[in-house]
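Taking it in order: structure first as structure tokens, then the write-up.
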Amino acid sequence: MSNESSVFAKHIDHVAISVPIGQMDAQVALYKAMGFEVVHEEEVYGGDQVREVLLRVGDSDNLIQLLQPLTPESPVAKQIEKQGGRGGLAHVAYRVEDIQATFDDLKAKGFNIIDPAPRNGSRGTKVFFMHPKSHTTDGSLGVLYEFVQEGKE
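Below is the structure:
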């Protein structure tokens with residue numbers, strides 16, 4: 004891997020938590036009881052097939068994203084199944100200024116990018132995902148990462 008570094012992540016956009024089917028409303032209620040505020044809800048189809056609820060942490064730009072599968076074919080449903088039916092950490096997302104430049108840079112450096120190109124995400128964003136087995140020669144980061152360019156709602 005190249006020693007040349009690029010600083011492309013502005014900050015963590017969100018931490019995503021998978022939620023088993025039927026548990027979303029209870030999870031949202033628990034987060035609200037801790038003082039979190041729901042700022043966005045959406046059903047996302049295509050390859051994702053999830054119900055998404057974004058909750059703001061205090062007055063910050065930090066978000067928790069709860070993801071409940073809409074179908075058994077959802078990648079989140081498959082992750083929950085691998086975890087014995089339990090929800091948990093789904094991925095960590097970084098906010099970037101230029102999604103295409105970030106995609107091209109990571110791809111050129113040998114990172115294992117799941118999406119063939121940046122694509123539309125929820126809330127008007129552009130996104131792509133990097134595999135937990137992150138790099139072709141230098142090993143694994145062990146966590147699914149998403150890169151997010153802010154969009155307009």
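Counting in my numbering, the sequence shown runs from 4 upward without gaps. For every residue, glycine included, the Cβ atom is placed at its ideal position computed from N, Cα and C.
Just reading off the beta strand (DSSP E) that Met27 is part of, what are its end residues?
Within the sequence shown, numbered from 1, the residue matching residue 27 stands at position 24. Taken as a continuous stretch (DSSP letters only), Met27 belongs to no beta strand (DSSP E), being part of the alpha helix (DSSP H) at 27 to 36.
In this structure, how does DSSP classify Gly127 when only helix, strand and coil are distinguished?
To locate residue 127, count along the sequence shown from 1; it is residue 124. In this structure, Gly127 counts as helix in the three-state DSSP scheme.
Assumed close pair Tyr34, Ile83 - CB separation to whole angstroms, cut-off 8 Å:
As a working mapping, residue 34 is identified with position 31 in the sequence shown. As a working mapping, residue 83 is identified with position 80 in the sequence shown. Not a contact, Cβ separation roughly 18 Å.
For Asn6, collect the residues of the same chain with a Cβ closer than 8 Å to its Cβ; drop the 5 residues on either side in sequence, then sort them by chain order.
Taking the sequence shown and counting its residues from 1, one reaches residue 6 at position 3. Low per-residue confidence applies at Asn6: pLDDT is 46, beneath 50, and the placement is therefore not dependable, though the value from the model is reported in the following sentence. So the list is empty, once near-sequence residues are dropped.
With a threshold of 8 Å, are at least 3 pairs of Cβ atoms found where one atom belongs to the region 98 to 113 and the other to the region 49 to 63?
no
Distance between Glu46 and Ile117 (C-alpha atoms, nearest Å):
Numbered from 1 along the sequence shown, position 114 holds the residue referred to as residue 117. Numbered from 1 along the sequence shown, position 43 holds the residue referred to as residue 46. Ile117 and Glu46: Cα-Cα distance of roughly 21 Å.
Count the C-beta pairs between the region 77 to 94 and the region 118 to 129 that are closer than 8 Å, then say yes if the count reaches three, no if not.
no
What residues in its chain sit with their C-beta under 7 Å from that of Leu73, if we drop five residues either side in the sequence?
As a position in the sequence shown, residue 73 is number 70, starting the count at 1. Same-chain partners within the cutoff: Glu46, Gln52, Val53, Arg54.
In three-state DSSP terms, what is Pro135?
The residue you call residue 135 lines up with position 132 of the sequence shown. Three-state DSSP puts Pro135 in a strand.
In angstroms, rounded to a whole number, what distance separates the CA positions of Ser137 and Gly145?
Walking along the sequence shown from the start, residue 137 turns up at place 134. Walking along the sequence shown from the start, residue 145 turns up at place 142. Their backbone Cα atoms lie some 7 Å apart in a straight line.
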